[in-house]
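These notes concern the structure reproduced below.
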Amino acid sequence: MGFGKASVRDADVAGRRVLLRADLNVPLEGGKVTDDTRIRASLPTIELLRERGASIVLVSHLGRPKDRDPELSMAPVGARLGELLEAPVKQAPAVVGPEVEMMARELAAGEVLLLENSRYEPGETKNDPELAKQLASLADLYVNDAFGSSHRAHASTEGVAHQLPAYAGLLLEREVIELTRVRDDPEAPLVVVLGGAKVTDKIGVIDRFLETAQELLIGGAMCFSFFKAEGRDTGNSLVEEEGVERAREILKKAEGSETMLHLPEDLCLGREFSADTEVELLNGVDVPEGWMGLDIGSNTIAKYAKRIGGAGTVFWNGPMGAFELEPFAGGTRGVAEAIARAPGYTVAGGGDSVAALVQFGLADRIDWISTGGGASLELMEGRRLPGVEALLDAKELANG
Ligand code: ADP
Ligand code: MG
Numbered sequence: 001m002g003f004g005k006a007s008v009r010d011a012d013v014a015g016r017r018v019l020l021r022a023d024l025n026v027p028l029e030g031g032k033v034t035d036d037t038r039i040r041a042s043l044p045t046i047e048l049l050r051e052r053g054a055s056i057v058l059v060s061h062l063g064r065p066k067d068r069d070p071e072l073s074m075a076p077v078g079a080r081l082g083e084l085l086e087a088p089v090k091q092a093p094a095v096v097g098p099e100v101e102m103m104a105r106e107l108a109a110g111e112v113l114l115l116e117n118s119r120y121e122p123g124e125t126k127n128d129p130e131l132a133k134q135l136a137s138l139a140d141l142y143v144n145d146a147f148g149s150s151h152r153a154h155a156s157t158e159g160v161a162h163q164l165p166a167y168a169g170l171l172l173e174r175e176v177i178e179l180t181r182v183r184d185d186p187e188a189p190l191v192v193v194l195g196g197a198k199v200t201d202k203i204g205v206i207d208r209f210l211e212t213a214q215e216l217l218i219g220g221a222m223c224f225s226f227f228k229a230e231g232r233d234t235g236n237s238l239v240e241e242e243g244v245e246r247a248r249e250i251l252k253k254a255e256g257s258e259t260m261l262h263l264p265e266d267l268c269l270g271r272e273f274s275a276d277t278e279v280e281l282l283n284g285v286d287v288p289e290g291w292m293g294l295d296i297g298s299n300t301i302a303k304y305a306k307r308i309g310g311a312g313t314v315f316w317n318g319p320m321g322a323f324e325l326e327p328f329a330g331g332t333r334g335v336a337e338a339i340a341r342a343p344g345y346t347v348a349g350g351g352d353s354v355a356a357l358v359q360f361g362l363a364d365r366i367d368w369i370s371t372g373g374g375a376s377l378e379l380m381e382g383r384r385l386p387g388v389e390a391l392l393d394a395k396e397l398a399n400g
């Protein structure tokens, strides 16, 4: 799917003020941005708008502030954005209000005003229509490029889209196109690699892929919910109790499905979640008392790599082990390398999986890296993303 007339590419923005919602929710340390990936991913739309003579009122959330926590001010983000744009970025003292309105009105073509952290306003996460109106009053039209926040109906991602002519930014549009293609029209065989810790978050997507994928490769802490459901010993491994029942249902459904569901056949164990713990390889998956499974083993890596190599399309979400700890990074590295080499079309998403790809220096060998972890999973599940729906609805209204 594309956005057609709801794409920013088709918006008439010259000489107009655009409220641009981007996903600038970056990690900070000591008042500095430590990873600017999301800022960089937002540049194409910002640059397109500037080139076309728009002025930009830019808004994003940053972390989860309680009240107006100054530690979560957008100022460091504005500073980094200014460096990347090689242009000054004006910093608003608040999200909305008379002073911000005045600053917005004074913007010249090509200028950028960065609003404060949208979550400084309690109405943001409540999708308060009053806040949406105040945001709308800052601009003539609205562009949403925050794919990573599009699964949440907040004032700056959903509410405001009903108050102004609304368009999809370049990143949001590309994300929806790439992920929808994997979901609805993948080159077969589709091989899905799932791991990480949050089983209950990802169970919906497993369910969906049992209908469309040829192979499902499971790793990470997620596999222990499955092993527990099979009645195996899991030792001290991380098991999400809530996930066990769901895992049992998935196993049952997989039996009657044409999709092959693969679980690890060997593991790398540690005594505790630490880089200098005692390490042992287990040829099997029944974890003894006093140990925890922290990575998939080498046979599993080889088997998964082979499946990935034969895929027409690969979708990866969630590390295969505790990759932040060097002794348990092998599974994630092995799978990441296999995906990087794979001749098929490769798509990865999830904050930690993407961090692993960057850490291994493999990010530029993946066809599409999604900036939206939760949003990419919800799209894959077939759920409606309120931030995306609002753009399409708004366009129907305008055209209908
Ligand atoms: P993503 O952000 O890619 O969606 P998740 O947030 O679901 O991934 O999971 C990432 C986390 O899972 C990492 O911090 C990693 O250490 C942890 N993890 C993976 N495998 C295991 C394991 N076997 N035991 C404990 N933690 C694990
Ligand atoms: Mg994560």
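Going by the numbering used here, the sequence shown opens with residue 1, and the numbers climb by one from there.
Using N, Cα and C, we set each Cβ at its ideal position, and we do this for glycine too.
Beta-carbon proximity list for Ala322, same chain, < 7 Å, skipping 5 on both sides: The residue labelled residue 322 in the question sits at position 322 within the sequence shown. Cβ within range, chain order: Phe273, Leu294, Asp295, Phe328.
Option nearest Leu379 by Cα separation, candidates Val358, Glu173, Leu131: On the sequence shown, position 379 is the one that residue 379 refers to. Among Val358, Glu173, Leu131, the Cα nearest to that of Leu379 is on Glu173.
Check whether Leu58 and Leu28 have beta carbons under 9 Å apart: Locating residue 58 in the sequence shown gives position 58, where the first residue counts as 1. Locating residue 28 in the sequence shown gives position 28, where the first residue counts as 1. No, Cβ-Cβ distance for Leu58 and Leu28 is not below 9 Å.
Classification of Ala390 by the beta-carbon crowding that lies within 10 angstroms, buried from 16 upward: What you label residue 390 is simply residue 390 of the sequence shown in a count that begins at 1. Answer is buried; the Cβ neighbour count reaches 16.
CB of Val287 within 9 Å of CB of Arg232, strictly: Your numbering for residue 287 matches position 287 in the sequence shown. Your numbering for residue 232 matches position 232 in the sequence shown. Cβ distance < 9 Å, so Val287 and Arg232 count as in contact.
Selected residue, minimal CA-CA separation from Gly270, among Leu263, Val100, Thr234: Residue 270 sits at position 270 when you count from the first residue of the sequence shown. Checked all of Leu263, Val100, Thr234; the closest Cα to Gly270 is Thr234.
DSSP beta-bridge partners of Val113: Taking the first residue of the sequence shown as position 1, residue 113 is located at position 113. Going by the sequence as given, residue 113 is Leu instead of Val. BP columns for Leu113 point to Val57, Lys90.
Contact test: Phe224 Cβ vs ligand 1 heavy atom, cutoff 8 Å: Start at 1 with the first residue of the sequence shown, and residue 224 comes out as number 224. At least one heavy atom of ligand 1 is nearer than 8 Å to the Cβ of Phe224, so yes.
Ligand 1 heavy atom lying under 8 Å from the CB of Glu173: Taking the first residue of the sequence shown as position 1, residue 173 is located at position 173. Answer for Glu173: no, Cβ out of range of ligand 1.
Whole runs of the beta strand (DSSP E) within the segment 227-271, excluding any shorter than 3 residues: 260-262, 267-270
Three-state secondary structure assigned by DSSP to Arg384: Along the sequence shown, one-based indexing puts residue 384 at 384. Three-state result, Arg384: coil.
DSSP-derived helix/strand/coil call for Thr217: Translated into positions along the sequence shown, residue 217 becomes position 217. The sequence shown places Leu at residue 217, rather than the Thr named in the question. In the structure shown, Leu217 sits in a strand (DSSP, three-state: E or B).
Segment contact, 8 Å Cβ cut-off, at least three pairs: the segment 88-96 with the segment 67-79: yes
Buried versus exposed call for Ala302 [16 or more other C-beta atoms within 10 Å across all chains shown]: To locate residue 302, count along the sequence shown from 1; it is residue 302. The residue in question, Ala302, is exposed, as its Cβ has fewer than 16 Cβ neighbours within 10 Å.
CB-CB length for Arg16 against Leu141, believed under 8 Å: For the purposes of this step, residue 16 is taken as the residue at position 16 of the sequence shown. For the purposes of this step, residue 141 is taken as the residue at position 141 of the sequence shown. So it is a contact: roughly 6 Å between Cβ atoms.
Segment limits, alpha helix (DSSP H) that includes Asp207: The residue labelled residue 207 in the question sits at position 207 within the sequence shown. Looking at the DSSP string, the run of the alpha helix (DSSP H) that includes Asp207 is 199-212.
Limits of the beta strand (DSSP E) - the one that Asn299 falls within: Counting from one through the sequence shown, the residue named residue 299 turns up at place 299. Per DSSP, Asn299 belongs to no beta strand (DSSP E); it is in the alpha helix (DSSP H), 298-309.
Contacting residues, own chain, Cβ-Cβ under 7 Å from Asp35 (five flanking each side not counted): By 1-based counting over the sequence shown, the position of residue 35 is 35. Only Val26, Pro27 meet the Cβ criterion.
Residue list, Cβ distance to ligand 2 heavy atoms smaller than 5 Å: Gly351, Asp352
Contact test: Met102 Cβ vs ligand 1 heavy atom, cutoff 8 Å: Locating residue 102 in the sequence shown gives position 102, where the first residue counts as 1. It does not: the Cβ of Met102 is nowhere closer than 8 Å to a heavy atom of ligand 1.
Option nearest Ala254 by Cα separation, candidates Pro186, Asn236, Phe226: Along the sequence shown, one-based indexing puts residue 254 at 254. For Ala254, the nearest C-alpha among the options comes from Phe226.
Option in Glu111, Val8, Phe224, Arg181 with minimal Cα separation from Ser376: As a first step, residue 376 is located in the sequence shown; it is residue number 376 there, counting from the start. Out of Glu111, Val8, Phe224, Arg181, Arg181 has the C-alpha closest to the C-alpha of Ser376.
Cβ pair Val205, Leu194 closer than 9 Å: For this step, residue 205 is matched to residue 205 along the sequence shown. For this step, residue 194 is matched to residue 194 along the sequence shown. Yes, the pair counts as a contact, with Cβ atoms nearer than the cut-off.
Alpha-carbon spacing of Leu20 relative to Val143, whole angstroms: The residue given as residue 20 occupies position 20 in the sequence shown. The residue given as residue 143 occupies position 143 in the sequence shown. So the alpha carbons of these two residues sit roughly 5 Å apart.
Rounded C-alpha distance that separates Val8 from Glu245: Numbered from 1 along the sequence shown, position 8 holds the residue referred to as residue 8. Numbered from 1 along the sequence shown, position 245 holds the residue referred to as residue 245. When rounded, the distance between both Cα atoms is 44 Å.
Arg152, buried or exposed, once every other Cβ within 10 Å from all chains shown has been counted against 16: As a position in the sequence shown, residue 152 is number 152, starting the count at 1. So Arg152 ends up on the buried side.
Inter-residue Cα distance where the pair is Ala275 and Leu325: Within the sequence shown, the letter at position 275 stands for residue 275. Within the sequence shown, the letter at position 325 stands for residue 325. C-alpha separation (whole angstroms): 5 Å.
beta-carbon Ala445 near ligand 1 non-hydrogen atom, thresh 8 Å: Here the chain has residues from 1 to 400 only, and residue 445 is not among them.
Endpoints, the alpha helix (DSSP H) within which Val314 is located: Residue mapping note: residue 314 aligns to position 314 of the sequence shown, counting from 1. Run containing Val314: none in the alpha helix (DSSP H); it sits in the beta strand (DSSP E), 313-317.
DSSP-derived helix/strand/coil call for Glu324: In the sequence shown, counting from the first residue as 1, residue 324 sits at position 324. Glu324 falls in the coil class under three-state DSSP.
Closest residue to Gly2 among Ala22, Leu170, Leu72 (Cα-Cα distance): Residue 2 sits at position 2 when you count from the first residue of the sequence shown. Taking only the C-alpha atoms, the option nearest Gly2 is Leu170.
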